[in-house]
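In our numbering, the protein residues as written are 514 to 816.
This is the structure:
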């Protein structure tokens, strides 16, 4: 059967060609076919039609064309390339992945602060226990107590600089211990959580060392030559935490001896109280100079 060839269109003519092109603006449309397959070529494109794409019995004007497949660069006798299947979806990830075995264990601020409190309580309890022992045993402990756990003018002159740290664990009685440990737990845990345990330890013991050095300088200036003075406790370290917290959150509300005020107001009241006591000699058993030194270190450290 000869292949029919129909040249039917000129530029600007309109022909309803089903859903793929209602308006064709080309010089001519060539429709050829053999058997049940047709090829329409226009503007360098080819349309491959199956038997459903035959012209409608009503003619070209009826627009009765079936579905067609558009393929650029069609060659006679060729078929469209099959579509590639979509790639498989990635495997679902677990909502709670297991940590790697090589990663370090997370540091716990409460564990670090609780460890310091436990050391302070142990050293103070041992000191109270040794006070109840017989004379010889108690006398030996008194020598070790003064040389290891007490910050004094004599110890620093003899090179026992480690007492700047060891003296922060010793407290003079249960009331002194409870008061300092309450402040340490209240302010130490949030500060260690915010700064990290390493920076917290530097801040804590740095405040104690700075307060001890300032207290020793005050002793040198005020005490007569050859005299001795001693101090112990973690109050310089705790006051250093207050100084750091004042620089970080000055408007934070606190209760200073059950009186509500802001953080900077409580620190100012404490500094003024220590300064007045130093000038008047009131409450000489409290290390006021040590408190001011620790507070200054904490403020400068977090500035």
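Cβ coordinates follow ideal geometry from the N, Cα and C atoms, glycine included.
Remember, it's a predicted structure, so these values are computed and weren't measured experimentally.
Going by DSSP, what residue range makes up the alpha helix (DSSP H) through residue i?
i, result
"residue 769", "Per DSSP, residue 769 belongs to no alpha helix (DSSP H); it is in the beta strand (DSSP E), 766-769."
"residue 681", "First-last for residue 681: undefined, no H or E at that position."
"residue 661", "648-661"
"residue 803", "801-814"
"residue 602", "Counting along the chain, residue 602 falls outside any alpha helix (DSSP H), and DSSP gives it neither H nor E."
"residue 675", "No alpha helix (DSSP H) holds residue 675; DSSP gives it neither H nor E."
"residue 798", "Unbroken run through residue 798: none, as it is neither H nor E."
"residue 726", "710-735"
"residue 499", "In the structure displayed, the chain extends from 514 to 816; residue 499 sits before or after that span and is not available."
"residue 631", "622-643"
"residue 753", "748-761"
Measure from the alpha carbon of residue i to the alpha carbon of each residue in the options, then state which is nearest.
i, options, result
"residue 720", "805, 793 and 729", "805"
"residue 745", "648, 668 and 650", "668"
"residue 630", "708, 717 and 658", "717"
"residue 729", "604, 670 and 816", "670"
"residue 477", "780, 772, 771 and 680", "No answer is possible for residue 477: it lies beyond the span of the chain, which begins at 514 and ends at 816."
"residue 628", "701, 793, 734 and 782", "701"
"residue 759", "784, 738, 735 and 743", "784"
"residue 811", "662, 750 and 798", "750"
"residue 722", "674, 662 and 646", "674"
"residue 461", "727, 794, 713 and 649", "Not covered by the structure: residue 461. The range shown for the chain is 514 to 816."
"residue 792", "813, 735, 754 and 773", "735"
"residue 707", "666, 639 and 754", "754"
"residue 691", "773, 737, 747 and 774", "747"
"residue 709", "621, 596 and 603", "621"
"residue 661", "737, 632 and 683", "683"
"residue 659", "601, 742 and 647", "742"
"residue 666", "639, 738 and 604", "738"
"residue 679", "672, 633, 649 and 733", "633"
"residue 639", "685, 602, 598 and 599", "685"
Could you please give the first and the last residue of the uninterrupted beta strand (DSSP E) stretch that includes residue i?
i, result
"residue 775", "772-775"
Report buried or exposed for residue i, applying the criterion of at least 16 other Cβ atoms within 10 angstroms of its Cβ.
i, result
"residue 609", "Residue placement at residue 609 cannot be trusted, given a pLDDT of 47 that sits under 50; what the coordinates show is reported in the next sentence. It is exposed - the Cβ of residue 609 has fewer than 16 other Cβ atoms within 10 Å."
"residue 715", "exposed"
"residue 657", "exposed"
"residue 765", "exposed"
"residue 771", "exposed"
"residue 740", "exposed"
"residue 693", "buried"
"residue 645", "exposed"
"residue 635", "exposed"
"residue 798", "exposed"
"residue 681", "buried"
"residue 727", "buried"
"residue 549", "Confidence is the limiting factor: at residue 549 the pLDDT is only 42, short of 50, which leaves the residue's position unreliable and the question unanswerable from this model."
In chain order, what residues of the same chain have a beta carbon less than 7 Å from the beta carbon of residue i, not counting five sequence neighbours either side?
i, result
"residue 698", "626 and 630"
"residue 796", "790"
"residue 643", "651 and 654"
"residue 623", "702"
"residue 773", "766"
"residue 705", "622, 625, 626 and 713"
"residue 696", "751"
"residue 689", "746"
Using a Cβ-Cβ cut-off of 6 Å (strictly less than) and excluding sequence neighbours within five positions of residue i, which residues of its own chain qualify?
i, result
"residue 808", "752 and 756"
"residue 787", "801, 804 and 805"
"residue 769", "779"
"residue 725", "664 and 677"
"residue 732", "666 and 742"
Under 8 Å Cβ to Cβ from residue i, same chain only, skipping five residues before and after it: list those, please.
i, result
"residue 687", "637 and 641"
"residue 782", "769 and 774"
"residue 648", "none"
Say whether chain D places a C-beta atom closer than 9 Å to the C-beta of residue i.
i, result
"residue 600", "Here there is only one protein chain, and chain D is not present."
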